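Chemist: Just passing along the structure, written as structure tokens.
Residue numbers (our numbering): -17 to 120.
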């Protein structure tokens, strides 16, 4: 897994959204650092728990802004969010059941990282101009 870090192409210009995106990327960094380290099992579980809660909060903010502004792509964006949450919750269940191999964990974390980065750079960038045009800010 590569280091994510904050990049210019992730900036939406919405301060609260960008701050939350940075926090989620930091959670991914913690998760990536713990993958494959048997002494980090507790950190993995706690980090996935933190991610599950934080993405729900973040997606809730985005969805409120989109709904309040009448964003026409709301339903599709909401579906993308739900798919991501399902993946995080599945990982959470697998970790709790001690039913995940290091390889599967690494693949899942890489998938989630890539999904999130693509989501920021494509789907989130698509709704921001609509928010601004309708006077909505985070």
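Here a beta-carbon is modelled for each residue, glycine too, at the ideal position from N, C-alpha and C. Since the model is a prediction, treat every value here as computed from it, not as a measurement.
The alpha helix (DSSP H) with residue 97 in it runs from where to where?
Modeler: Looking at the DSSP string, the run of the alpha helix (DSSP H) that includes residue 97 is 84 to 100.
Chemist: How many angstroms separate the CA atom of residue 37 from the CA atom of residue 67?
Modeler: Cα to Cα, the separation comes out at about 7 Å.
Chemist: Can you tell which of 41, 113, 35 and 95 has the C-alpha that lies nearest to the C-alpha of residue 61?
Modeler: Nearest C-alpha to residue 61: 41.
Chemist: Does at least one heavy atom of the ligand HEM sit under 6 Å from the Cβ of residue 110?
Modeler: Ligands are entirely absent from the displayed structure, and the ligand HEM is therefore not among its contents.
Chemist: Would you check if the stretch -8 to 9 and the stretch 71 to 80 touch, i.e. whether three or more CB-CB distances between them fall below 8 Å?
Modeler: They do not touch, by the three-pair rule.
Chemist: Report the three-state DSSP secondary structure of residue 75 (helix, strand or coil).
Modeler: Note: residue 75 maps to helix in three-state DSSP.
Chemist: Would residue 95 be called buried (16 or more neighbouring beta carbons within 10 Å of its own) or exposed?
Modeler: Burial call: buried.
Chemist: State the Cα-Cα distance for the pair residue 108 and residue 14, rounded to the nearest angstrom.
Modeler: Computed Cα separation, rounded: 28 Å.
Chemist: For residue 117, I'd like the list of residues in its chain whose CB is within less than 6 Å of its CB, leaving aside the five on either flank, ordered along the chain.
Modeler: No residues qualify anywhere along the chain.
Chemist: Just to confirm the assignment, what range does the alpha helix (DSSP H) spanning residue 12 have?
Modeler: Run containing residue 12: -3 to 16, per the alpha helix (DSSP H) assignment.
Chemist: Starting from residue 109, trace the alpha helix (DSSP H) both ways and give me its first and last residue.
Modeler: Residue 109 -> alpha helix (DSSP H) spans 107 to 115.
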